[in-house]
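Position one of the sequence shown corresponds to residue 818 (the numbering used here), numbered consecutively onward.
Below: one structure, written as structure tokens.
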Amino acid sequence: MPTNPVVTDIKQVTIRFSGDSGDGMQLSGTLFSTLSAIFGNEIATFPDFPAEIRAPQGSLQGVSGFQVRIGAKDVYNSGDKTDVLVAMNPAALKVNAQYLKKGSIVLFDTDSFQKRDLDKALFQTLDPFAELNLDWVQPIGVNITSLTKDSLADSELENKEILRSKNMFALGIVCWLFNRPLEIADHLLEQKFSKKPKLVQANIKALTDGYNYGNNTELSASTYRIDPIESSKGFYADINGNTATAYGLIAAAEKAGVQLFLGSYPITPATDILHELSKRKDFGVKALQMEDEIAGITSSIGASFAGCLAATSTSGPGLSLKSEALGLAVMTELPLVVIDVQRSGPSTGMPTKSEQSDLNQALYGRNGESPLVVMAAASPTDCFESAFEASKIALEHMTPVILLTDGYIANGSSAWKIPDMNEYPDIKPPYVQDNYKGNAGEWRPYFRNEETLVRYWGPAGTPGYTHRIGGLEKDRLTGIISSNPDNHQLMVDVRRAKVEKIADYIPEQKVTGDKHANTLIIGWGGTYGHLLEASLRLNEKGKKVAYAHFRHISPLPRNTYELLKSYKKVIVAEQNNGHFAAYLSGKFQDLDNIHKYNRVEGQPFKVSTLIEEFSKIMEEK
């Protein structure tokens, strides 16, 4: 069997699988990512779902993509431009042409590039590469559909099922191109289709035949090898942000010795948190799929009153609907974790596209004075850490916590070292029977620790501590309904002070980069990888910049003001029109060094653009 004599070592590569939403691009991309992670490469993925899930086949609106960047080290994001594009139809080529690098390989299915297919993608000629002026790419045309049909002619599958396997044939070619072992892929397919043995066999055969086709025909002048990284010993998994969030909640409940409850309505792109937790009955998790967003959060508030670590998951429109109940959680001072997987908005917006759209809503989107904690996860793996910490704060400080993630990190994945939970702190809820020093008969529900201002927690059924709470303002001493103006002012003040005191229990804000920098780049949430890479590349170019990424937003870390004040220019980069920048400017009104960089495109930042724009701001007088 002929083999390609040339193997080129490379440090990183970005590959994008693209086709119709029914072409299995997400599966192909996920399998290739998992193969690479198991091989020992660093990975970052970007599943790019179509704007219209049910758009007509072959249309521009229905293009589904999955981008993965793999490397030996320093993979901080999914990449700006692609080195390899797998285009299963002309629409996929047209939509993704803007992301191609000079010299990129374009593997395309010639069977799906006929006139009728070109017409659907609104091409005017029969030569899409010339029409798009792509004379600087390496097109590799393979009749993938026909070859898949030949491969599976004896499979006893219907034609429709055979056609669904063409993504595996294409994946086989890519595995050959990048020297990925097929044995692991076979195992993953066996797991994926365990209840359908015929599909397992068909997909494995298509994958293998695609690999052999690339090998036997020597489609490229070279195959490529990316060496594995030297990782610390341990167990690793390819994990996305939603799954990591679910695991963080489970871990926190275990550390607190309480039951985890999730009341949630399925909403894109947060649904997988509900799906994952519904599987975890082995950890004692109770997950309820509710009929609407309000039922989801109110069931969780009830579970919190009963003594659970209570959580609810949603996206931006759902958070709007939960706002009244969030106010109830603030008033009752019960622990609650609200996970908001942000998407493009407003209204229904673009459900499958990522954006930092909800910070203002998280900070201010409730009636009255309703302070609570707001945090933001930075990466798929950081979702675990952030969910754990959000749960710890909620349980130990008796407050709702909004944890912001976004579609980019929730659906994106990276290699995760499974943590040793012995290294994580215990979580100690302020149970009334353990912390209140007075007589049980004298206790009232709004008695609190004088130092932390945290209300003592008496879950329903605690002997000797029967009580009622609710949404109407309560007397600070008796716990009965009160309209006294002085009491209301005091309760408003104490709820705010309690949240502000949490700053004493979170880390100070860290800074990376040049120690002598005059410019500080600031980010929060899922933009972490792009902003980090931009700051590193600016430093490599001799530009002195530092970088700070905020996990804690309300309250801010204790050293935030001193940090901002110490730089000549502070650039706050966000995928919105300046929510965090405005928040910082409002908090620290004497600062005049805050500059903004904003894009609202439903797509991740481009590192190259960030470098260009940051350089302009730095050069301004």
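For every residue, glycine included, the Cβ atom is placed at its ideal position computed from N, Cα and C.
Point to revise | C-beta contact flag for S1132 and Q1159 at 9 Å | key: Counted from its first residue, the sequence shown places residue 1132 at position 315. Counted from its first residue, the sequence shown places residue 1159 at position 342. Yes, these two residues count as a Cβ contact at 9 Å.
Point to revise | Beta-carbon contacts of A1194 that lie in its chain and below 6 Å, excluding the five residues immediately before and after | key: What you label residue 1194 is simply residue 377 of the sequence shown in a count that begins at 1. Within the same chain, A1194 has close Cβ partners C1200, S1203 and T1222.
Review point. If we call anything under 9 Å between Cβ atoms a contact, is G1074 one with G1278?
Key: As a working mapping, residue 1074 is identified with position 257 in the sequence shown. As a working mapping, residue 1278 is identified with position 461 in the sequence shown. Contact: no.
**Study point:** Environment of E1436 [buried if 16+ CB atoms lie within 10 Å]
**Key:** Along the sequence shown, one-based indexing puts residue 1436 at 619. Burial call: exposed.
Review point. DSSP state of S1130, grouped into three classes?
Key: One-based indexing of the sequence shown puts residue 1130 at position 313. Residue state, collapsed to three classes: strand.
Practice item. List in chain order: all unbroken alpha helix (DSSP H) runs of 4+ residues lying wholly within the segment 1196-1254. Key: Here the runs fully enclosed are 1199-1214, 1224-1228 and 1249-1252.
Exercise for review: Kindly list the residues whose CB is nearer than 7 Å to the CB of Y1263, restricted to its own chain and excluding five residues on each side of it in sequence; keep chain order.
Suggested key: For the purposes of this step, residue 1263 is taken as residue 446 along the sequence shown, with counting starting at 1. Cβ neighbours of Y1263 beyond the five flanking positions: R1272, K1291, R1293 and G1296.
Practice item. Under 8 Å by Cβ, that's how I've got G1045 and G1346 pegged, so tell me the actual separation to the nearest angstrom. Key: The residue you call residue 1045 lines up with position 228 of the sequence shown. The residue you call residue 1346 lines up with position 529 of the sequence shown. Position check: residue 1045 holds Pro in this sequence, whereas Gly was assumed. Rounded, the Cβ-Cβ distance is 20 Å, inconsistent with contact.
Point to revise | Distance, Q1008 Cα to P1217 Cα | key: The residue labelled residue 1217 in the question sits at position 400 within the sequence shown. The residue labelled residue 1008 in the question sits at position 191 within the sequence shown. Per the coordinates, the alpha-carbon of P1217 lies some 38 Å from the alpha-carbon of Q1008.
Point to revise | Element boundaries [alpha helix (DSSP H), containing K918] | key: Position 101 of the sequence shown, counted from the start, is the residue given in the question as residue 918. In the DSSP assignment, K918 falls outside any alpha helix (DSSP H) and within the unbroken beta strand (DSSP E) covering L917 to D926.
**Study point:** Contact under 9 Å by Cβ, F1431 with V1362
**Key:** As a first step, residue 1431 must be located in the sequence shown, where it is residue number 614. As a first step, residue 1362 must be located in the sequence shown, where it is residue number 545. Contact flag set, yes.
Check your understanding: Is the beta carbon of S835 sitting closer than 9 Å to the one on V912?
Key -> By one-based count along the sequence shown, residue 835 stands at place 18. By one-based count along the sequence shown, residue 912 stands at place 95. Here S835 is near V912, since their CB atoms are less than 9 Å apart.
Practice item. Would you mind working out which of N1033, V1017 and I990 sits nearest D808, comparing C-alpha positions? Key: Outside the shown range of the chain (818 to 1438) lies residue 808, about which nothing can therefore be said.
Point to revise | the segment 868-878 touching the segment 841-855, judged by at least three CB pairs closer than 8 Å | key: Taking a cut-off of 8 Å for Cβ pairs, the segment 868-878 and the segment 841-855 do not touch, as fewer than three such pairs fall below it.
Check your understanding: So, is R1416 buried or exposed, given that buried needs 16 or more other C-beta atoms within 10 angstroms?
Key -> The count along the sequence shown starts at 1 and reaches residue 1416 at position 599. The residue is buried, with at least 16 neighbouring Cβ atoms inside 10 Å.
Point to revise | Coarse secondary structure for Q1008, derived from DSSP in three states | key: As a working mapping, residue 1008 is identified with position 191 in the sequence shown. DSSP places Q1008 in helix when its eight states are reduced to three.
Review point. Mind checking I1298: buried by the 16 CB within 10 Å criterion, or exposed?
Key: Here the question's residue 1298 lines up with position 481 in the sequence shown. Counting C-beta atoms within 10 angstroms of its own C-beta, I1298 has fewer than 16 neighbours from the protein chains shown and is therefore classed as exposed.
Check your understanding: Would you call G1031 buried or exposed, if buried means 16 or more other Cβ atoms sit within 10 Å of its Cβ?
Key -> Within the sequence shown, the letter at position 214 stands for residue 1031. Label assigned to G1031: buried.
Review point. What did DSSP end up calling H1369 once you bin it into helix, strand or coil?
Key: Numbered from its first residue, the sequence shown carries residue 1369 at position 552. Reduced to three states, the DSSP call for H1369 is strand.
Review point. According to DSSP, what are the bridge partners of I860?
Key: Position 43 of the sequence shown holds residue 860. Beta-bridge pairing links I860 to I887.
Point to revise | Other residues of its chain near G1080: CB distance less than 6 Å, five sequence neighbours each side excluded | key: Position 263 of the sequence shown, counted from the start, is the residue given in the question as residue 1080. The answer, listed in chain order, is L1105, M1107, G1113, S1116, S1117 and T1129.
Review point. For F1264, which of helix, strand or coil comes out of DSSP?
Key: As a first step, residue 1264 is located in the sequence shown; it is residue number 447 there, counting from the start. The answer is coil: DSSP assigns F1264 none of H, G, I, E or B.
Review point. To the nearest angstrom, how far is it from the Cα of M1192 to the Cα of Y1225?
Key: For the purposes of this step, residue 1192 is taken as the residue at position 375 of the sequence shown. For the purposes of this step, residue 1225 is taken as the residue at position 408 of the sequence shown. Straight across, the Cα-Cα distance linking M1192 with Y1225 is about 17 Å.
Exercise for review: Out of G1065, A1211 and S1161, point me to the one whose CA is closest to A1146's CA.
Suggested key: In the sequence shown, counting from the first residue as 1, residue 1146 sits at position 329. Closest option to A1146, Cα to Cα, is A1211.
Point to revise | Straight-line Cα distance separating A1023 from E975 | key: Along the sequence shown, read from residue 1 onward, the residue named residue 975 stands at position 158. Along the sequence shown, read from residue 1 onward, the residue named residue 1023 stands at position 206. Using only the alpha carbons, I get a separation of about 15 Å.
Check your understanding: For R1261, which option in F849, K983, T1149 and S1011 has the closest C-alpha, if you only look at C-alpha atoms?
Key -> Position 444 of the sequence shown, counting from 1, holds the residue named residue 1261. When only C-alpha atoms are compared, the closest one is T1149.
Practice item. State the Cα-Cα distance for the pair P956 and L924, rounded to the nearest angstrom. Key: Walking along the sequence shown from the start, residue 956 turns up at place 139. Walking along the sequence shown from the start, residue 924 turns up at place 107. Roughly 6 Å between the two C-alpha positions.
Exercise for review: In the DSSP assignment, find the unbroken beta strand (DSSP E) run with F930 in it and report its ends.
Suggested key: Taking the first residue of the sequence shown as position 1, residue 930 is located at position 113. In this chain, F930 is not harboured by any beta strand (DSSP E), its DSSP state being neither H nor E.
Check your understanding: Would you say the segment 887-894 touches the segment 914-931, given that touching needs at least three Cβ pairs under 8 Å?
Key -> Judged by pairs of C-beta atoms under 8 Å, the segment 887-894 does not touch the segment 914-931, as fewer than three such pairs exist.
**Study point:** Inter-stretch contact (C-beta, 8 Å, three-pair minimum) for the segment 1370-1388 and the segment 1321-1338
**Key:** With the cut-off at 8 Å, the segment 1370-1388 and the segment 1321-1338 touch.
Check your understanding: Can at least three beta-carbon pairs, one atom from the segment 1303-1318 and one from the segment 1155-1169, be found at a separation below 8 Å?
Key -> At 8 Å Cβ cutoff, the stretches do not touch.
Point to revise | Sufficient close CB pairs (3 or more, under 8 Å) joining the segment 1382-1398 to the segment 1334-1343 | key: The way I'd put it, the segment 1382-1398 does touch the segment 1334-1343; three or more beta-carbon pairs between them come closer than 8 Å.
Check your understanding: Would DSSP call H1396 helix, strand or coil?
Key -> As a working mapping, residue 1396 is identified with position 579 in the sequence shown. Look at H1396 here: in three-state DSSP terms it is helix.
Check your understanding: Out of K1318, V1316, L1349 and A1314, which has the shortest C-alpha to C-alpha gap to L1331?
Key -> Residue numbering aside, residue 1331 sits at position 514 when the sequence shown is read from its first letter. Here the sequence assigns Asp to residue 1331, which means Leu is not the residue at that position. For D1331, the nearest C-alpha among the options comes from L1349.
Review point. Under 9 Å, do R1097 and A1063 count as touching if we go by C-beta distance?
Key: The count along the sequence shown starts at 1 and reaches residue 1097 at position 280. The count along the sequence shown starts at 1 and reaches residue 1063 at position 246. In contact: R1097 and A1063 (Cβ atoms closer than 9 Å).
Practice item. Please classify S1174: does DSSP put it in a helix, a strand, or coil? Key: On the sequence shown, position 357 is the one that residue 1174 refers to. Three-state result, S1174: coil.
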